[in-house]
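Just so we're aligned, residue 1 is where the sequence shown starts under the numbering used here, counting upward by one.
Heads up: the structure comes next, in structure tokens.
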Amino acid sequence: MNVAIIGASGYTGLELIKLLINHPTFKIKYIANSTGEINVQDLHPCLKDLINIEVSKANAKDVSSHAQLAFLALPHKTSMLFTKDLLRLGVKVVDLSADYRLDLNTYEQFYCKHEDKNNIDKAIYGLPEYFKEDIKNTNLIANPGCYPSASLLALLPFIDYINTNIPIFIDAKSGVSGAGKNLSNITHYGHINENCFSYNPFQHRHMPEIQEKIKVIKNTDVLINFVPHLLPITRGMLVSIYATLKNDKVDIDFNKVLEKTYENNEFIRIRKNPVDIKSTSGTNYCDIFVAQNNNALFISSSIDNLLRGASSQALVNANLMCGFEENVGIPKIAYVP
Ligand SMILES: NC(=O)c1ccc[n+]([C@@H]2O[C@H](COP(=O)([O-])OP(=O)(O)OC[C@H]3O[C@@H](n4cnc5c(N)ncnc54)[C@H](OP(=O)(O)O)[C@@H]3O)[C@@H](O)[C@H]2O)c1
């Protein structure tokens with residue numbers, strides 16, 4: 001099946017190219033950014049001798065004449081404009097941006113005016129562990145955000161045991177690639193090197209995404225206090241969640257809760273020791289660890305923000321949408337050491 005990548009000059013776009021080069025069934029037939037007129041090997045010198053294709057200036061009609069499925073590795077707002085046209089032209093879409101992840105009101109409150117209201121309700125939230133059957137039957141995937149992927153996979157199994165009248169704290173840390181390829185003051189080498197700091201505490205746009213999906217999946221209202229941090233590393237994400245249990249005499253083995261929740265999910269690994277970033281870097285795994293102290297619950301997860309938090313999860317979703325096994329072409333071996 002022929003596929004397109006729009007946003008191929010960005011970080012998640014490059015990850016998609018790298019994954020799709022090795023995919024047995026998907027063939028890259030069209031890649032684009034905002035300008036075109038360059039060969040992909042000049043755009044990404046690491047791809048020299050591995051793929052030879054001209055980069056186009058993105059155009060929905062051209063996508064539809066080359067491909068049946070498109071990955072949109074674009075900023076929010078830009079993505080919805082392409083999605084609207086691509087769906088009309090019969091192209092399946094996996095959108096890595098936030099444009100179809102939230103209900104309309106929440107989206108417009110935290111992002112901007114929506115330009116494709118008709119398709120919002122048709123989008124399926126692409127968290128395969130929770131929406132697999134829906135993903136198989138849709139033409140539009142809203143690929144989850146990186147922080148929400150790691151946070152939801154860790155937190156959802158425990159919602160029934162948590163006292164949701166007390167806010168849940170999520171302390172999350174990401175490598176700098178989470179901010180995309182464009183430089184800012186906080187991602188400048190001189191600032192991020194040998195440094196670590198929070199940004200947008202209690203204000204980050206991924207907070208409503210986590211809250212909304214818990215409501216959808218568990219039918220429970222929770223108050224999430226979400227504080228993201230930047231780490232002086234290129235890729236990887238570590239999430240630490242602090243919650244209060246309903247009862248401090250809970251006689252429950254929380255590892256068993258994790259095992260039961262994820263028993264048929266090959267991309268979740270339940271860890272007996274606290275998780276780390278390196279063990280998931282380069283893979284689609286989400287590693288999860290849980291510990292209890294009286295009524296305090298600590299859950300920690302790690303993912304690769306560019307892969308499970310974006311491009312490899314997008315490919316899992318595309319596999320499912322197109323009737324393939326979810327693990328086709330999905331990386332499992334971490335960049336260790
Ligand atoms: N980075 C992560 O870890 C991560 C994780 C989860 C989700 N996401 C989401 O995934 C999306 C892509 O993220 P990223 O980090 O890969 O961003 P990025 O590195 O900034 O790349 C953005 C890409 O979009 C292209 N683009 C922008 N405007 C365009 C237009 N009008 N027409 C065609 N192409 C256009 C850029 O092309 P030019 O080079 O021509 O500007 C570039 O290829 C974002 O919505 C982001 O929020 C990112």
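Built from N, CA and C at the ideal position, the CB exists for glycine as well.
Supposed contact pair residue j and residue i - C-beta distance, whole angstroms, cut 8 angstroms
i, j, result
"TYR285", "LYS332", "7 angstroms"
"ALA4", "VAL63", "5 angstroms"
"SER174", "CYS146", "7 angstroms"
"ASN295", "ASP221", "No, ASN295 and ASP221 are not in contact; Cβ-Cβ is about 20 angstroms, not under 8 angstroms."
"ILE53", "ILE21", "Rounded, the Cβ-Cβ distance is 11 angstroms, inconsistent with contact."
"TYR100", "ALA123", "4 angstroms"
"SER149", "ILE303", "6 angstroms"
"ALA58", "ASN39", "Actually they do not touch by this definition, with Cβ atoms about 16 angstroms apart."
"GLY13", "ASN317", "The pair is not a contact, with the Cβ atoms about 16 angstroms apart (cut-off 8 angstroms)."
"LEU307", "THR283", "6 angstroms"
"ALA70", "VAL91", "5 angstroms"
"PHE267", "VAL290", "Not confirmed; about 18 angstroms, so no contact."
"LEU320", "ILE135", "5 angstroms"
"PRO144", "GLN313", "7 angstroms"
"ASN163", "THR261", "Actually they are not in contact, since the Cβ atoms of ASN163 and THR261 sit about 19 angstroms apart, beyond 8 angstroms."
"ASN225", "ILE166", "Contact flag wrong, Cβ pair sits at about 10 angstroms."
"LEU86", "ALA60", "5 angstroms"
"ASN2", "HIS66", "6 angstroms"
"TYR161", "VAL250", "6 angstroms"
"HIS229", "PHE202", "With a Cβ gap of about 13 angstroms, HIS229 and PHE202 do not count as contacting."
Segment limits, beta strand (DSSP E) that includes residue i
i, result
"CYS286", "286-293"
"SER240", "237-244"
"GLU345", "Given a span of 1 to 337 for the chain in the structure shown, any question on residue 345 remains unanswerable."
"ILE270", "268-270"
"LYS77", "First-last for LYS77: undefined, no H or E at that position."
"LEU223", "Here LEU223 belongs to no beta strand (DSSP E), and DSSP marks it neither H nor E."
"ASN2", "2-6"
"SER177", "Per DSSP, SER177 belongs to no beta strand (DSSP E) and is neither H nor E."
"LEU140", "140-142"
Helix, strand or coil at residue i [DSSP, three-state]
i, result
"LEU72", "strand"
"TYR11", "helix"
"LEU89", "coil"
"HIS229", "strand"
"SER184", "coil"
"ASP160", "helix"
"TYR199", "coil"
"GLU54", "strand"
"LYS218", "helix"
"VAL250", "coil"
"LEU81", "helix"
"ILE210", "helix"
"LEU16", "helix"
"ALA67", "coil"
"ALA98", "coil"
"VAL275", "coil"
"SER281", "coil"
"ILE124", "strand"
"ILE166", "coil"
Run of the alpha helix (DSSP H) containing residue i, from where it starts to where it stops
i, result
"HIS191", "189-192"
"ILE299", "From DSSP, ILE299 is part of no alpha helix (DSSP H) but of the beta strand (DSSP E) over 296-303."
"ASN255", "254-261"
"LYS332", "Note, LYS332: premise wrong, no alpha helix (DSSP H); not H, not E."
"PHE110", "104-110"
"ILE135", "128-136"
"SER311", "311-321"
"LEU388", "One cannot answer for residue 388 here, as it falls past the ends of the chain, which runs 1 to 337."
heavy atom of ligand 2 below 7 angstroms from residue i C-beta
i, result
"GLY282", "By its list of ligands, the structure shown excludes ligand 2, since it contains just ligand 1."
Problem - Complete alpha helix (DSSP H) runs within the region 18-62 (minimum length 4 residues, chain order) - result: With a minimum length of 4 residues, the continuous alpha helix (DSSP H) runs that stay inside the region 18-62 are 40-43.
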